[in-house]
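**Q** Taking this note's numbering, the leading residue of the sequence shown gets 4, the next gets one more, and so forth.
Note that beta-carbon positions come from the ideal geometry of N, C-alpha and C, so glycine has one too.
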Amino acid sequence: MPAPLTQTPRTPTAPAPADGELAGALRPRHLTMLALGGVIGAGLFVGSGTGLRIAGPAIILSYALAATLALLVMRMLGEMAAAMPASGSFSVYAERALGRWAGFTAGWLYWAVTVIAIAIELIAAATILHQWMPAVPQWAIAFVALAVFTQSNMLSVSSFGEAEFWFAGIKVAAIIAFLALGVAAVCGAVPGVEAPGMDNLTGRGGFLPQGWDSVVAGLLTVVFAFGGMEVVTMAAAESGDPARSVTKAVSSAIWRISLFYLGSMAVIVTLLPWDAATPGRSPYVAVLDRLGIPGAGRLIEVVVLIALLSAMNANLYGASRMAHSLAARGEAPKALLRTSSRGAPRLAVAASAAFGFVAIALDHRWPERILPFLAKAMGGSMLYMWLTVAAAHLVLRRRLERESPHLLVVRMRGFPYLSWLAAAGIVAVLVLMALDPEARGQLGWSTLLVLVLLAVAGVRALRAPRNPG
Numbered sequence: 004m005p006a007p008l009t010q011t012p013r014t015p016t017a018p019a020p021a022d023g024e025l026a027g028a029l030r031p032r033h034l035t036m037l038a039l040g041g042v043i044g045a046g047l048f049v050g051s052g053t054g055l056r057i058a059g060p061a062i063i064l065s066y067a068l069a070a071t072l073a074l075l076v077m078r079m080l081g082e083m084a085a086a087m088p089a090s091g092s093f094s095v096y097a098e099r100a101l102g103r104w105a106g107f108t109a110g111w112l113y114w115a116v117t118v119i120a121i122a123i124e125l126i127a128a129a130t131i132l133h134q135w136m137p138a139v140p141q142w143a144i145a146f147v148a149l150a151v152f153t154q155s156n157m158l159s160v161s162s163f164g165e166a167e168f169w170f171a172g173i174k175v176a177a178i179i180a181f182l183a184l185g186v187a188a189v190c191g192a193v194p195g196v197e198a199p200g201m202d203n204l205t206g207r208g209g210f211l212p213q214g215w216d217s218v219v220a221g222l223l224t225v226v227f228a229f230g231g232m233e234v235v236t237m238a239a240a241e242s243g244d245p246a247r248s249v250t251k252a253v254s255s256a257i258w259r260i261s262l263f264y265l266g267s268m269a270v271i272v273t274l275l276p277w278d279a280a281t282p283g284r285s286p287y288v289a290v291l292d293r294l295g296i297p298g299a300g301r302l303i304e305v306v307v308l309i310a311l312l313s314a315m316n317a318n319l320y321g322a323s324r325m326a327h328s329l330a331a332r333g334e335a336p337k338a339l340l341r342t343s344s345r346g347a348p349r350l351a352v353a354a355s356a357a358f359g360f361v362a363i364a365l366d367h368r369w370p371e372r373i374l375p376f377l378a379k380a381m382g383g384s385m386l387y388m389w390l391t392v393a394a395a396h397l398v399l400r401r402r403l404e405r406e407s408p409h410l411l412v413v414r415m416r417g418f419p420y421l422s423w424l425a426a427a428g429i430v431a432v433l434v435l436m437a438l439d440p441e442a443r444g445q446l447g448w449s450t451l452l453v454l455v456l457l458a459v460a461g462v463r464a465l466r467a468p469r470n471p472g
């Protein structure tokens, strides 16, 4: 059985990285904001309206269930990342726990889904900017935006870290301001706005106007908003002190994410009648309009744009690091290992951005058809990756306790019960997707992608040279 993977912590005075070695330039503040910004995306600001319309005030229960599941996964990832920092994150852990086939499948699944996400976020951001600048073609806006972020990621990891720090800071500031204003309105402290009391929570059909089934349906719409948190465990491998940095980032992010998501949804369901929510329209805008905030629509539109660009930047980083990690393990072309003098994996960044440029051309040729297709292709892939995290954690935690207990600086409390609970919850959501007519197609595409990758991994295993004896 292989020994646990360890990496020597870098220091700020470490020499320049050699070719093929990633830099260690990220600081704890970068990781903390990356952990927060990674899960605060456009899905929260816009997509939450669909869930509110489906479940009514009970959508807060859907968010609580999804947040609990996501935070359990984050805790498991944080434990493994602190003990075994690796830019390949859960792909490396899956390989060490379950075998090369698992690492190959998890790594390439993440890379494929992430480059698709880059394309989706790029096209969505370009659509917003095109509305502001109708004279500029949408494809040109998308091309320039992707080129800028690609170049930024090729320069150094510190440029990525600074960009994400400020992007995440703006998103966090927007949510804090919304929470403060919302709480003031609930308490009747906003001039000209009458405190709603409990009317929107207990009236209009009550807290569960659509029944308990709607909580389950709402869960399927909101759980995917929590994707993206794995990036912080990749970035930890490029910090000066990976174990300490990821410990601080994960611990601080867990309660803050809970506050931001559940707090903002509590404000929304208290101030906004659930039947006034419109799918596709931000409930944040609806609440601000009711409070008489001028320019609320444009304000949230700016925040959504920043969220999209931030997510695209983080996904480009994550995809390039996963490609680099796969190459280091012999699961991708060795050329992707090459790095610049500052430790940036330029070829891996370029390869990860390439699909985005192709998507720009396809969207220009077939507008409004590429985005829905790409979204379907992503489907339940995030859940499969979360399930891989849980499986790897169940194996590696016991191995670490037996062989290297001193590495467990972050511990998943309630092990193994909470790990099994997380795995069961993920499987339950996958089953719910299979039973839901709208989600079934997305799950089908994701399952097909997983099966194809498993088949490729199997063929590679059969062709691999065997050690004699």
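#1: Using a threshold of 9 angstroms, state whether the C-beta atoms of ALA127 and ALA238 are closer than that.
#2: Please classify VAL453: does DSSP put it in a helix, a strand, or coil?
#3: Leaving out five residues on either side along the sequence, give the residues of the same chain with a beta carbon under 7 angstroms from the beta carbon of LEU68.
#4: Given a cut-off of 9 angstroms on the beta-carbon distance, is the pair SER313 and GLY40 in contact?
#5: Answer with buried or exposed for GLU233, where buried requires no fewer than 16 other C-beta atoms within 10 angstroms of its C-beta.
#6: Quick one: residues in its chain with C-beta nearer than 7 angstroms to the C-beta of TYR1, no 5 flanking neighbours on either side, listed in chain order?
#7: In the DSSP assignment, find the unbroken alpha helix (DSSP H) run with LYS251 in it and report its ends.
#8: Going by alpha carbons, who is nearest to GLY172 out of ALA347, ALA38, PRO348, GLN141?
#9: Rounded to a whole number of angstroms, what is the C-alpha to C-alpha distance between VAL413 and LEU75?
#10: Thinking just about the alpha-carbon of each residue, which of SER407, ASP244, SER92, ARG293 is nearest to the one in VAL189?
#11: So what's SER242 in DSSP terms, helix, strand or just coil?
#12: Only counting runs of 4 or more residues, tell me where the alpha helix (DSSP H) segments fall wholly within the stretch 106 to 174, in order along the chain.
#13: For LEU29, which residues does DSSP report across the bridge?
#14: Decide if the stretch 429 to 440 is in contact with the stretch 91 to 99; the criterion is three or more beta carbon pairs, one per stretch, under 8 angstroms apart.
#15: Could you check how far apart the C-beta atoms of PRO375 and TRP277 are, in whole angstroms? I think they sit under 8 angstroms.
#16: If you measure between the beta carbons of THR273 and ASN203, is that distance less than 9 angstroms?
#17: Taking 7 angstroms as the limit between beta carbons, can you name the residues of its chain near LYS251, skipping five residues before and five after?
#18: Which of the three DSSP states is assigned to MET83 in this structure?
#19: Is MET381 closer than 9 angstroms to GLU124 when the C-beta atoms are compared?
#20: Could you give the distance in angstroms between the alpha-carbon of LEU433 and the alpha-carbon of PRO370?
#21: The ligand MG heavy atoms versus the CB of THR391: any closer than 8 angstroms?
#22: Ignoring anything shorter than 4 residues, give me the alpha helix (DSSP H) runs that lie fully in the stretch 332 to 386, in order along the chain.
#23: Could you tell me if ARG405 is buried or exposed, where buried requires 16 or more neighbouring beta carbons within 10 angstroms of its beta carbon?
#24: Over what stretch of residues does the alpha helix (DSSP H) that includes PRO194 continue unbroken?
#25: Along the chain, where does the alpha helix (DSSP H) containing ARG293 start, and where does it finish?
#26: Can we say the stretch 386 to 405 touches the stretch 76 to 86, given the rule of at least three CB pairs closer than 8 angstroms?
#27: Rounded to the nearest angstrom, what separates LEU421 and ALA100 at their Cα positions?
#28: Using a 10 Å radius around the Cβ and a threshold of 16 neighbouring Cβ atoms, would you call LYS337 buried or exposed?
#29: Based on Cα-Cα distance, which residue from GLN141, TRP423, ALA353 lies nearest to ALA393?
#30: Rounded to whole angstroms, what is the Cα-Cα separation between TRP169 and LEU29?
#31: Can you find at least 3 beta carbon pairs, one from the stretch 130 to 149 and one from the stretch 343 to 354, that sit closer than 8 angstroms?
#32: Just mark ALA425 as buried or exposed, buried being the case when its beta carbon has 16 or more other beta carbons within 10 Å.
#33: Ordered along the chain, which non-local residues of its own chain (more than five positions away) have a Cβ less than 8 angstroms from that of SER90?
#34: Taking just the CA atoms, how far does LEU451 sit from PHE358?
#35: Count the other CB atoms, across all protein chains shown, that sit within 10 Å of the CB of GLY461; report buried if there are 16 or more and exposed otherwise.
#36: Any chance the stretch 191 to 209 sits against the stretch 301 to 310, with 3 or more Cβ pairs inside 8 angstroms?
**A** The short version:
#1: no
#2: helix
#3: LEU222
#4: yes
#5: buried
#6: Nothing about residue 1 can be reported from this structure: the residues present for the chain run from 4 to 472 only.
#7: 245 to 274
#8: ALA38
#9: 13 angstroms
#10: ARG293
#11: strand
#12: 141 to 158
#13: SER242
#14: no
#15: Going by Cβ atoms, the distance from PRO375 to TRP277 rounds to 26 angstroms, so no, they are not a contact pair.
#16: yes
#17: PRO31, THR35
#18: helix
#19: no
#20: 31 angstroms
#21: The ligand MG is not part of the structure shown, which contains no ligands of any sort.
#22: 349 to 368, 373 to 381
#23: exposed
#24: Here PRO194 belongs to no alpha helix (DSSP H), and DSSP marks it neither H nor E.
#25: 286 to 293
#26: yes
#27: 18 angstroms
#28: exposed
#29: TRP423
#30: 14 angstroms
#31: no
#32: buried
#33: LEU25, MET237, ALA240, GLU241, ARG324, MET325, HIS327, SER328
#34: 20 angstroms
#35: exposed
#36: no
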